[in-house]
Amino acid sequence: MLDCLIVGGGPAGLTAAIYLARFHLSIRVVDAGDGRAASIPCTRNHAGFPDGIAGAELLARMTAQAQKYGAAIDTGRVTRVAAIGGGFEVEWGCGPVAARTVLLATGVTNRRPPMDEALHDEALARGLIRYCPICDGYEVTDKRVGVIGDDSHGVAEAVFLRGYTGDVTLVAPDTKQRKLDAQDWDRLEECGIAAADGPVTDVRLEDDAIVLVTVTAEHRFDSVYPALGSDIHSALARMLGIDLAPDGCIKVDAHQRASVAGVYAAGDVVKGLDQISHAMGEGGVAATTIRNDLAKLAPLLR
11 MLDCLIVGGG
21 PAGLTAAIYL
31 ARFHLSIRVV
41 DAGDGRAASI
51 PCTRNHAGFP
61 DGIAGAELLA
71 RMTAQAQKYG
81 AAIDTGRVTR
91 VAAIGGGFEV
101 EWGCGPVAAR
111 TVLLATGVTN
121 RRPPMDEALH
131 DEALARGLIR
141 YCPICDGYEV
151 TDKRVGVIGD
161 DSHGVAEAVF
171 LRGYTGDVTL
181 VAPDTKQRKL
191 DAQDWDRLEE
201 CGIAAADGPV
211 TDVRLEDDAI
221 VLVTVTAEHR
231 FDSVYPALGS
241 DIHSALARML
251 GIDLAPDGCI
261 KVDAHQRASV
271 AGVYAAGDVV
281 KGLDQISHAM
291 GEGGVAATTI
301 RNDLAKLAPL
311 LR
């Protein structure tokens with residue numbers, strides 16, 4: 011029986027894997043291969059990399075580091091987690107594997123704007139589409155920025171980006187701006203943010219710009235931020251009967267323990283903060299808690 015099985019090989023899961031492997035515990039990471047961090051073309055907001063680093067490269071370095079200390083890393087999608095005597099049984103296509111503890115670092119998925127997948131990926135790689143204004147708002151300083159959204163979340167993101175540039179437009183994705191209340195409209199006016207009715211009928215890339223086509227106009231931007239929310243990967247937590255927040259995030263205590271003993275959670279599936287450094291911190295806290303909780307059951311002796 012493994013000491014810990016980690017579901018998710020993003021920044022949180024891999025940080026935990028490094029810690030746990032260096033605690034001389036038997037661990038395995040199972041990653042579906044579709045995490046958000048791998049699609050980041052270059053993050054310049056992560057401490058220690060003044061010239062930036064691609065998400066895929068950062069994950070590759072973390073994977074190599076975890077494996078160096080003995081962590082096993084598999085590619086697969088976990089489909090079942092169930093409590094058994096003394097731990098948990100986990101399945102992902104290679105038969106059930108038993109583990110004393112489970113760390114859920116399953117992350118979230120951004121909701122994409124309505125556009126061709128290949129075109130989306132090209133725009134993302136070129137910085138024409140961005141998903142994290144905290145991470146890369148600096149890169150759009152004084153540029154033309156579009157925010158795709160039609161609710162208070164979209165307004166909040168547009169206002170946040172207004173701190174980087176004076177040229178921000180909120181574009182409705184599917185309909186006219188029908189979900190905005192009077193307070194939302196007041197905030198847009200106060201901050202000098204334009205509002206464009208939808209729906210967005212087409213998206214084009216032209217030279218170094220991205221064009222959002224609506225029924226009434228074409229809007230040309232240097233970068234576009236979809237503010238359409240995200241889908242929390244908490245299905246396994248639901249399977250275990252773990253307490254969730256109203257938005258689907260996993261509830262944890264200050265040490266990353268979930269409501270079911272032996273289950274821990276870290277990263278965006280807990281808070282959805284979209285920050286690599288924060289996910290890493292939670293992964294380190296979770297790993298240390300797992301080690302100490304196991305030691306309470308029996309001394310961990312070399």
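Using my numbering, read the sequence shown as starting at 11 and increasing by one per residue.
We put the beta carbon where it would ideally sit given N, CA and C, even for glycine.
These numbers come from a predicted model, not from an experiment.
{"Item": "Supposed contact pair Gly-251 and Ala-115 - C-beta distance, whole angstroms, cut 8 Å", "Value": "Ala-115 to Gly-251, Cβ: 19 Å. No contact."}
{"Item": "Short Cβ contact (8 Å threshold) for Leu-180 with Gly-159", "Value": "yes"}
{"Item": "Bridge partner(s) assigned by DSSP for Cys-14", "Value": "Ile-37, Thr-111"}
{"Item": "Touching by the beta-carbon criterion (3+ pairs, under 8 Å), the stretch 132-148 and the stretch 224-244", "Value": "yes"}
{"Item": "Beta-carbon proximity check, Cys-259 vs Val-273, cutoff 8 Å", "Value": "no"}
{"Item": "Segment limits, beta strand (DSSP E) that includes Asp-241", "Value": "240-242"}
{"Item": "Three-state secondary structure assigned by DSSP to Leu-254", "Value": "strand"}
{"Item": "As assigned by DSSP and simplified to three states, the class of Pro-309", "Value": "coil"}
{"Item": "Per-residue DSSP class, three states only, for Leu-129", "Value": "helix"}
{"Item": "Ile-16 beta carbon less than 8 Å from that of Ala-26", "Value": "yes"}
{"Item": "Any non-hydrogen atom of the ligand SAM within 7 Å of Arg-230 CB", "Value": "In the structure on display, the ligand SAM does not appear, and there are no ligands present to speak of."}
{"Item": "Check whether Glu-313 and Gly-137 have beta carbons under 8 Å apart", "Value": "With the chain represented from 11 up to 312, any question about residue 313 goes unanswered, as that position is not in the structure."}
{"Item": "Val-155 and Cys-201 closer than 8 Å at C-beta", "Value": "no"}
{"Item": "Cutoff 6 Å; reference Met-72; Cβ partners in own chain excluding five residues on either side", "Value": "Leu-24"}
{"Item": "Integer Cβ distance of Gly-20 from Ala-47, believed to fall under 8 Å", "Value": "5 Å"}
{"Item": "Expected contact under 8 Å - CB spacing of Cys-14 and Thr-111 to nearest Å", "Value": "5 Å"}
{"Item": "One or two residues paired with Glu-228 in a DSSP bridge", "Value": "Val-223"}
{"Item": "Buried versus exposed, by CB contacts within 10 Å (16 or more), Leu-311", "Value": "exposed"}
{"Item": "Alpha-carbon spacing of Ala-42 relative to Ala-192, whole angstroms", "Value": "43 Å"}
{"Item": "First through last residue of the beta strand (DSSP E) which encompasses Tyr-235", "Value": "233-236"}
{"Item": "Whether Ala-92 touches Leu-12 by CB criterion (8 Å)", "Value": "no"}
{"Item": "Burial state of Gly-95 (16 or more Cβ within 10 Å)", "Value": "exposed"}
{"Item": "3 or more residues per run - each beta strand (DSSP E) lying fully within the stretch 143-206", "Value": "154-158, 177-181, 204-206"}
{"Item": "Inter-residue spacing [alpha-carbon to alpha-carbon] between Asp-284 and Leu-222", "Value": "25 Å"}
{"Item": "Short Cβ contact (8 Å threshold) for Leu-134 with Ser-49", "Value": "yes"}
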